[in-house]
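Contents: one structure, followed by commentary.
There are 2 protein chains.
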Amino acid sequence: MTDTSPVAATVTVADGSPRITAVDTYNIRFPTSRELDGSDAMNPDPDYSAAYVILRTDADDGLEGHGFTFTIGRGNDVQVAAIEALRAHIVGRSVTELCADPGWLSSDLTADSQLRWLGPEKGVMHMAIGAVVNAVWDLAAKRADKPLWRFLADAEPEWLADQIDYRYITDALTPAEALALLKRGRDGAAQRAVRLRGTGYPGYTTSPGWLGYSDEKLTRLARQAVADGFTQIKLKVGANLDDDIRRCRVARAAVGADIRIAIDANQRWNVDEAGAWIRALAEFDPYWIEEPTSPDDVLGHAAIREAVAPVKVATGEHVQNRIIFKQLLQAGAIDVLQIDATRVGGVNENLAILLLAAKYGVPVCPHAGGVGLCELVQHLSMFDYVALSGTTENRVIEYVDHLHDHFTDPVRMAHGHYVAPTAPGFSAQMRPESIDTYRYPDGTFWAADRAAQEEVTEA
Amino acid sequence: MTDTSPVAATVTVADGSPRITAVDTYNIRFPTSRELDGSDAMNPDPDYSAAYVILRTDADDGLEGHGFTFTIGRGNDVQVAAIEALRAHIVGRSVTELCADPGWLSSDLTADSQLRWLGPEKGVMHMAIGAVVNAVWDLAAKRADKPLWRFLADAEPEWLADQIDYRYITDALTPAEALALLKRGRDGAAQRAVRLRGTGYPGYTTSPGWLGYSDEKLTRLARQAVADGFTQIKLKVGANLDDDIRRCRVARAAVGADIRIAIDANQRWNVDEAGAWIRALAEFDPYWIEEPTSPDDVLGHAAIREAVAPVKVATGEHVQNRIIFKQLLQAGAIDVLQIDATRVGGVNENLAILLLAAKYGVPVCPHAGGVGLCELVQHLSMFDYVALSGTTENRVIEYVDHLHDHFTDPVRMAHGHYVAPTAPGFSAQMRPESIDTYRYPDGTFWAADRAAQEEVTEA
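Chains as they are written, first to last, in the working numbering: chain A, 1 to 459; chain B, 1001 to 1459.
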């Protein structure tokens, strides 16, 4: 790794320099299943959750690194256990060195041969690495007194290129190509940063489209979305074709011809089922079909893309790592690449994925929603716009109006756009009172809930 | 699911029928890193481990279902936590119904939408499902008083075809095709079962080839392997080309021209590195190159296969599920398919993979070694031979002479062949004293080890 880090110049490493003193974990669960928020064809009753981690230091600046993996309820404790398995790798490390080179930790965690066996680079263990790596980036950006998007956009291309693990992707992206893309991204970056601060980054909303909502609620929320300035909405599909036809008709009637309607099957179909289903919805002019089948199926997505054109194919929220994304791009299997902030190994791997997308000229439209995913992923798209792709054309970040109040630096929307964050860090920090309330099973909400259920049972 | 189960006919379901009463888990760790057994280019110091599960029932037959996930040390506790997250799905279920239709549980666990988010169908959560599903098959075979391979080989094709989750694979294998393959496999099955009992199933050995061994030890063990009747050995490669050239030369000199030498890079290379490395070893006539790169890289394996022909390409021990295997076959990316008994979702998913391999005509040569992997996977290959592929041509099961003594029904080798098990079940049951000794961190071995280390520290 080179010595061009944005923080290395400002902090001196010495004996007695600050260290990571604790890796504290929290099992946070919100009772979202009670309102059918987030219901789709594969996930009928999610309890939006976070396996949450705080890195504490003995620096006298009072700063902490916050990170998390988003899950939807059961198993969040397994995810927490996986984060705890990384603790020994992190406690005692130099804060200065970690923040000067998060890629060092990222590679080190990914390369732990014993933990690697549990993936490799996928599922619970890989998401745990992502949570910890993201927490380091949060801390690094806070120490640099910048929001993460600006911390990244201001970094030297050489340093950013060195933050990437090229293992298994050099056949698609070499370090030299990455550096060239990052250098190209610097042209005009200052002007784009100004524009971003002025108008924000375009979003689209999934709030109207959950499967569990009535047609009346769908109509009302779809109209509200247009009134709020969104130019794209998304509907969940895939459980029942007749219902999908009716709901697409209702949505199209509500928003008119000029608003894009994306549809999302949440992996519901086999490869050979997707084509006919999409053709049956074609009259409603769907903009993209998202997650038509398993996120693992590169060849399947390529076949589906051919079958449903001109409807675009989008996937990524469940794509496990840069290696599958690489193949989706190599195979021409997707029109839209949907990164997720907490599915892969953190900012470093998402940088690799953004670079792969830039190399192949495929627009990145991040997955968000859940718990804190909007807060995190906006930084990656804003960096992408300012200092990599250089454009927001055909690029939108998903927006869902859930659970933002639990964060100290919640996303702000204006006219359907994400407003560029100004607070230092990755916007990952949850309010302490939210953690105390929704910690599972001992937080105040869950304790009261249990007591109320016991009362009902006794009565 | 149809009613042609091999056990459904013999047991009557009624009120008061036996139930699963407990799902007990154990974190078992063996100190294998101290001898460099199992050392390879990616895994320099594995502590072979098992996240172990016992299903207990209130039946009066005293039978238990045993299953496990193999890991290599750190993180085994995370794997145990994942198995425990499944407990609520299993306790209280009817033993009779479970054993009559393990596919019911398999689908049910895979479809838990909240747990599915942690994969889907990959990594820690999926391997946990595999452990539990395998334990049910162990119990089912014990209740039928048959070794698992015979339990499967005796089952009706219709019932077996119904044990498979076809989601995401119908573009490569339809239920009708699976049934036809299973029916074809019945032709001559009885004669093949007789032959199997007589001569066993061919194995090959990796024991000589670990990276940590000296040339002298490699020579000695390679000669021993030939003397023991093996016709194939395997060497670990990929860390250092000069070392690999030397070790391949030593091995070829030790075994002569007629013994197959497979080489195994354990995912060490990028796609564009593999070709040159293999060409540099070509003079030693390697039979297959195993895991040349990431197990996620379908297109990469296809490119490597083209680059290294006529050396065969093998992979599978880290392939996460049937969906990646499907694509490896569709893309013509592998010559040899290496199933693993505890990486995927258990027997049911391995049946799907065996059927996919049969459909595409690719030989299955299982990965084994570790803890209990030989014990388990032999049953799947023996079923494959007797009642599906109908041949052992170019098919060998990996054999490593480690840790078998800890099992109540250890594998037996004769003249380089696996002897067909006769004890009822899946050969998955560990000796109680081994569990007590190697339970981590409280087993007697680890407690004594800690005490000895403290003594050294104090002295």
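Built from N, CA and C at the ideal position, the CB exists for glycine as well.
Item checked: Proximity test, Cβ basis, 8 Å: S1113 of chain B and chain A -> Within the second sequence, numbered from 1, the residue matching residue 1113 of chain B stands at position 113. Chain A has a Cβ within less than 8 Å of the Cβ of S1113 of chain B.
Note to self: If I follow the unbroken beta strand (DSSP E) through D1024 of chain B, where does it start and stop?
What the structure shows: For the purposes of this step, residue 1024 of chain B is taken as the residue at position 24 of the second sequence. For D1024 of chain B, the enclosing beta strand (DSSP E) stretches over residues 1020-1029.
Next item on the list: Please list the residues of the segment 1120-1131 of chain B that have a C-beta atom closer than 9 Å to any C-beta atom in chain A, keeping them in chain order.
Entry: Those residues of the segment 1120-1131 of chain B that come within reach of chain A (Cβ to Cβ, closer than 9 Å) are P1120, E1121, K1122, G1123, V1124, M1125, H1126, M1127, A1128.
Check: In its own chain, which residues sit with a C-beta less than 6 Å from the C-beta of L118 of chain A, not counting the 5 before and 5 after it?
Finding: Your numbering for residue 118 of chain A matches position 118 in the first sequence. Spatial neighbours of L118 of chain A in its own chain (CB-CB distance under 6 Å, excluding positions within 5 residues in sequence) are listed in chain order as M125.
Notebook entry, point to check: Any idea what DSSP makes of D1436 of chain B, helix, strand or coil?
Noted result: The residue labelled residue 1436 of chain B in the question sits at position 436 within the second sequence. Here D1436 of chain B sits in helix by DSSP.
Margin query: Can you confirm whether the segment 326-333 of chain A touches the segment 352-362 of chain A when touching is taken to mean that 3 or more C-beta pairs between the two stretches lie within less than 8 Å?
Written below: Under the three-pair Cβ rule at 8 Å, the segment 352-362 of chain A counts as touching the segment 326-333 of chain A.
Item checked: CA-to-CA distance, L152 of chain A to M1 of chain A, given in whole angstroms -> Residue numbering aside, residue 1 of chain A sits at position 1 when the first sequence is read from its first letter. Residue numbering aside, residue 152 of chain A sits at position 152 when the first sequence is read from its first letter. For M1 of chain A, the pLDDT reaches just 29, beneath the cut-off of 50, and the residue's location in the model is therefore unreliable, although a value from the coordinates is still provided. Our two residues, M1 of chain A and L152 of chain A, have alpha carbons roughly 16 Å apart in a direct line.
Checklist line | Supposed close pair G103 of chain A, D40 of chain A - CB separation, criterion 8 Å | finding: By 1-based counting over the first sequence, the position of residue 103 of chain A is 103. By 1-based counting over the first sequence, the position of residue 40 of chain A is 40. About 35 Å separates the beta carbon of G103 of chain A from that of D40 of chain A, a gap too long to meet the 8 Å contact definition.
Notebook entry, point to check: Can you round the beta-carbon distance between R93 of chain A and I164 of chain A to whole angstroms, since I take them to be within the 8 Å contact cut?
Noted result: Start at 1 with the first residue of the first sequence, and residue 93 of chain A comes out as number 93. Start at 1 with the first residue of the first sequence, and residue 164 of chain A comes out as number 164. Not a contact, Cβ separation roughly 21 Å.
Check: By the criterion of Cβ-Cβ separation under 9 Å, what are the contact partners of P1044 of chain B in chain A?
Finding: Reading the second sequence from its first residue, position 44 is the one you call residue 1044 of chain B. The contacting residues are S113.
Notebook entry, point to check: Are the C-beta of D297 of chain A and some C-beta of chain B separated by less than 8 Å?
Noted result: Your numbering for residue 297 of chain A matches position 297 in the first sequence. Yes, its Cβ sits closer than 8 Å to a Cβ of chain B.
Next item on the list: Scan the segment 313-326 of chain A for residues whose Cβ lies nearer than 9 Å to a Cβ of chain B and list them as they occur along the chain.
Entry: Those would be H318, Q320, N321, I323, I324, K326, in chain order.
Checklist line | Proximity test, Cβ basis, 8 Å: V1013 of chain B and chain A | finding: In the second sequence, the residue the question calls residue 1013 of chain B occupies position 13. Note that V1013 of chain B scores a pLDDT of 45, beneath 50, so its modelled location is shaky and nothing firm can be said.
Check: Under 7 Å Cβ-Cβ, which residues of chain A neighbour G1300 of chain B?
Finding: Reading the second sequence from its first residue, position 300 is the one you call residue 1300 of chain B. Neighbours of G1300 of chain B on chain A, chain order: D171.
Margin query: Assuming contact is defined by CB atoms lying nearer than 8 Å, are I1090 of chain B and A1051 of chain B in contact in what I supplied?
Written below: On the second sequence, residue 1090 of chain B is found 90 positions in, with the first residue counted as 1. On the second sequence, residue 1051 of chain B is found 51 positions in, with the first residue counted as 1. No, the Cβ-Cβ distance between I1090 of chain B and A1051 of chain B is not below 8 Å.
Note to self: Within 8 Å, do at least three Cβ pairs link the segment 227-236 of chain A to the segment 198-212 of chain A?
What the structure shows: These segments touch.
Note to self: Closest to A274 of chain A by C-alpha separation, out of A:A239, A:C248, A:V250, would be which residue?
What the structure shows: Looking up residue 274 of chain A in the first sequence gives position 274. Distance check between A274 of chain A and each of A:A239, A:C248, A:V250 places A:A239 closest, using alpha-carbon atoms only.
Next item on the list: Would you mind telling me which residues of chain B sit closer than 9 Å to T219 of chain A, beta carbon to beta carbon, in chain order?
Entry: Here residue 219 of chain A refers to the residue found at position 219 when the first sequence is read from its first residue. Counting only Cβ-Cβ distances below 9 Å, T219 of chain A has no contacts in chain B at all, with the closest Cβ about 27 Å away.
Next item on the list: Under 6 Å Cβ to Cβ from A1303 of chain B, same chain only, skipping five residues before and after it: list those, please.
Entry: Residue mapping note: residue 1303 of chain B aligns to position 303 of the second sequence, counting from 1. Same-chain partners within the cutoff: V1271.
Next item on the list: Out of B:T1422, B:G1443, B:Y1204, state which residue places its alpha-carbon closest to the alpha-carbon of W1149 of chain B.
Entry: Position 149 of the second sequence holds residue 1149 of chain B. Restricting attention to B:T1422, B:G1443, B:Y1204, the CA atom closest to the CA of W1149 of chain B is found in B:T1422.
Margin query: What does the Cβ neighbour count give for R1034 of chain B, buried or exposed, with the cut at 16 atoms within 10 Å?
Written below: In the second sequence, residue 1034 of chain B corresponds to position 34, counting from 1. The residue in question, R1034 of chain B, is exposed, as its Cβ has fewer than 16 Cβ neighbours within 10 Å.
Item checked: Outcome for R1167 of chain B when other beta-carbon atoms lying within 10 angstroms are tallied against a minimum of 16 -> Residue 1167 of chain B sits at position 167 when you count from the first residue of the second sequence. R1167 of chain B is buried by the Cβ-count criterion.
Notebook entry, point to check: Taking just the CA atoms, how far does D1145 of chain B sit from Y1213 of chain B?
Noted result: Here the question's residue 1213 of chain B lines up with position 213 in the second sequence. Here the question's residue 1145 of chain B lines up with position 145 in the second sequence. Spanning the two alpha carbons is a distance of roughly 42 Å.
Notebook entry, point to check: Within 8 Å (strictly less), CB to CB, does A1414 of chain B reach chain A?
Noted result: By 1-based counting over the second sequence, the position of residue 1414 of chain B is 414. A1414 of chain B does not count as touching chain A.
Next item on the list: Give the range of the alpha helix (DSSP H) segment to which F1445 of chain B is assigned.
Entry: Your numbering for residue 1445 of chain B matches position 445 in the second sequence. Run containing F1445 of chain B: 1444-1458, per the alpha helix (DSSP H) assignment.
Notebook entry, point to check: Taking Cβ-Cβ distances shorter than 7 Å, what residues in chain B pair up with T71 of chain A?
Noted result: Here residue 71 of chain A corresponds to residue number 71 of the first sequence, with the count starting at 1. Here the neighbours are W1117, L1118.
Item checked: Proximity winner among B:G1332, B:L1373, B:V1419, relative to E1306 of chain B (alpha-carbon distances) -> Position 306 of the second sequence holds residue 1306 of chain B. Nearest to E1306 of chain B by alpha-carbon distance, out of B:G1332, B:L1373, B:V1419, is B:G1332.
Item checked: Euclidean distance between Cα positions of G1065 of chain B and I1129 of chain B -> If you number the second sequence from 1, residue 1065 of chain B lands on position 65. If you number the second sequence from 1, residue 1129 of chain B lands on position 129. Rounded to the nearest angstrom, the two C-alpha atoms are 14 Å apart.
Next item on the list: Answer with buried or exposed for T10 of chain A, where buried requires no fewer than 16 other C-beta atoms within 10 angstroms of its C-beta.
Entry: Walking along the first sequence from the start, residue 10 of chain A turns up at place 10. Because T10 of chain A sits at a pLDDT of 32, beneath the cut-off of 50, its placement in the model cannot be relied upon, and the point is left open.
Notebook entry, point to check: What three-state label does DSSP hand D405 of chain A in the structure shown?
Noted result: Here the question's residue 405 of chain A lines up with position 405 in the first sequence. DSSP places D405 of chain A within a helical segment (H, G or I) once states are collapsed to three.
Item checked: Residue environment, L63 of chain A, which counts as buried when at least 16 other CB atoms sit within 10 Å -> In the first sequence, counting from the first residue as 1, residue 63 of chain A sits at position 63. Around the beta-carbon of L63 of chain A, 16 or more other beta-carbon atoms lie within 10 Å, marking it buried.
Margin query: I want to see whether chain A comes within less than 8 Å of T1293 of chain B, judged by CB atoms only; does it?
Written below: Translated into positions along the second sequence, residue 1293 of chain B becomes position 293. Contact with chain A is found for T1293 of chain B, since one of that chain's Cβ atoms lies less than 8 Å from the residue's Cβ.
Item checked: Interface partners of Q1453 of chain B on chain A, CB under 8 Å -> Along the second sequence, read from residue 1 onward, the residue named residue 1453 of chain B stands at position 453. Those within 8 Å of Q1453 of chain B in chain A number zero; the least Cβ separation is about 17 Å.
Next item on the list: With DSSP as the reference, label D1040 of chain B as helix, strand or coil.
Entry: Working through the second sequence from its first residue, we reach residue 1040 of chain B at position 40. Note: D1040 of chain B maps to coil in three-state DSSP.
Check: Helix, strand or coil: which one does DSSP assign to W288 of chain A?
Finding: For this step, residue 288 of chain A is matched to residue 288 along the first sequence. Strand, per DSSP.
Check: If we count the other Cβ atoms within 10 Å of its Cβ and call it buried at 16 or more, is Q1191 of chain B buried or exposed?
Finding: Looking up residue 1191 of chain B in the second sequence gives position 191. Exposed, because fewer than 16 other Cβ atoms sit within 10 Å of the Cβ of Q1191 of chain B.
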